[in-house]
Amino acid sequence: MKLRYMIIGAGGVGGPVGAYLSKSGADTTLIARGKHLAVLQEHGLTLVSGENERESIPVKAIDMDGFLAAREQGAPAPDVIFVCVKGYSLADTVPFIRKAAGRDAVVIPVLNIYGTGRALQAELPELLVTDGCIYISANRIAPGVIQKHGAICRIVYGLPSHKTDHPVLQQVETDLKNAGIDPVYSPYVERDTLLKFAYVSPNAACGQYYHAKAAEMQHPGEVRDSFVRLMKEVVALADKMGIPLENRPGELVERNLRILDALAPTASTSMQRDMEAGKQSEVDGLIYQVVRLAEQYGVDVPEYRKIAEAVKKQTENK
């Protein structure tokens, strides 16, 4: 089965995914805009890793309006749409997906915010939307150029039905593997996406509160201790939500510390980078949402409350 892929968002998440799929020979179109799009079209996407190792990969890229115009002229619709935008851009993406997708398209969101798949499925009832997430540390450092921090690139996706027999999603698993991406077609995707959130949310919260990169969290001390407390609070919240994340006490903390310690010392979260630059960020979904859920389920999250209050003051004072 030969699938046509669309990647909406060509930054630190969508850029590498689109580049790897393109390099493997998969029919892949990246949706981008502005100078980034112009460089992608002329020079391809450049991935920078390690000691300034650079690889430029030819990619097919277009903006939303251009793609819709091509569709009106008879261009084929994508079979699979990876949604790789920030959480605050999701609402603006929905109308485009509705127009761009074919009747049988599958939509795979890999955002940082927990519950995105369910929210997107409610907006797009005519399409099949999975839940999903991605493990990667990368960011755009210039138009057409993505810096990777570490080698990990894992995409987890699946359906609330717990079934893993959908032929398109099975082919996605094969195609991702062929592209050098680690795929997990999960029968327990609600748990698995919350597992990812239990890493990225504490990482973002801790990093923003202490203005710390991975290096400060990789060594014993106050910053690492805060990261651990935040993870334990998410575990307690998940238990109250009926989605246990651990088979034994401390399992998630150990696992997430291994992920953290494998990152390049310079790695930081996209939320941190956006907030430091004064841009719109995912702070609501990554920090404040945890406090709201904790109140809803009656769980005490003192570390999250402390950081949420401090971050609100930071943003108010800017």
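Residue numbers for the sequence shown follow numbering that gives the first Met the number 0, so the first one is 0 and each next one is one higher.
The C-beta atom is built at its ideal place from N, Cα and C for all residues, glycine as well.
Residue nearest to residue i in terms of C-alpha spacing, selected from the options
{"i": "LEU259", "options": "ALA235, LYS34, MET216 and GLY241", "result": "MET216"}
{"i": "GLU331", "options": "GLU232, ARG102 and ASP224", "result": "Coverage of the chain is limited to positions 0 through 317, which leaves residue 331 absent and any answer about it impossible."}
{"i": "MET240", "options": "LEU292, CYS205, GLN146 and ASN246", "result": "LEU292"}
Element boundaries [alpha helix (DSSP H), containing residue i]
{"i": "ASP91", "result": "89-99"}
{"i": "VAL310", "result": "301-315"}
{"i": "TYR208", "result": "188-209"}
{"i": "TYR296", "result": "288-296"}
{"i": "ILE258", "result": "250-260"}
{"i": "ASP174", "result": "166-177"}
Test item: CB-CB of residue i and residue j under 8 Å
{"i": "ASP320", "j": "LEU2", "result": "Residue coverage of the chain in this structure runs from 0 to 317, which leaves residue 320 outside it and unanswerable."}
{"i": "LEU236", "j": "VAL298", "result": "yes"}
{"i": "ASP62", "j": "ALA31", "result": "yes"}
{"i": "VAL128", "j": "VAL109", "result": "no"}
{"i": "LEU158", "j": "VAL188", "result": "yes"}
{"i": "ILE80", "j": "VAL106", "result": "yes"}
{"i": "ASN255", "j": "ALA211", "result": "no"}
{"i": "VAL47", "j": "VAL167", "result": "no"}
{"i": "ALA266", "j": "HIS148", "result": "yes"}
{"i": "ASN111", "j": "GLY284", "result": "yes"}
{"i": "ALA263", "j": "ALA203", "result": "no"}
{"i": "ARG153", "j": "VAL183", "result": "yes"}
{"i": "GLY43", "j": "ILE56", "result": "yes"}
{"i": "GLY179", "j": "TYR4", "result": "no"}
{"i": "GLU122", "j": "VAL84", "result": "no"}
{"i": "ALA309", "j": "VAL290", "result": "no"}
{"i": "GLN271", "j": "TYR87", "result": "no"}
{"i": "PRO186", "j": "PHE226", "result": "no"}
Continuous beta strand (DSSP E) stretch holding residue i: start and end
{"i": "LYS147", "result": "144-157"}
{"i": "ASP181", "result": "181-184"}
Residue i - DSSP class collapsed to helix/strand/coil
{"i": "SER55", "result": "strand"}
{"i": "ASN138", "result": "strand"}
{"i": "TYR4", "result": "strand"}
{"i": "ASP64", "result": "helix"}
{"i": "VAL38", "result": "helix"}
{"i": "THR268", "result": "coil"}
{"i": "PRO75", "result": "coil"}
Whole-Å CB distance - residue i paired with residue j, under 8 Å assumed
{"i": "PRO77", "j": "ALA100", "result": "7 Å"}
{"i": "LEU193", "j": "LEU244", "result": "6 Å"}
{"i": "ILE6", "j": "GLY24", "result": "Not confirmed; about 15 Å, so no contact."}
{"i": "GLY114", "j": "GLY131", "result": "12 Å between Cβ atoms; not a contact."}
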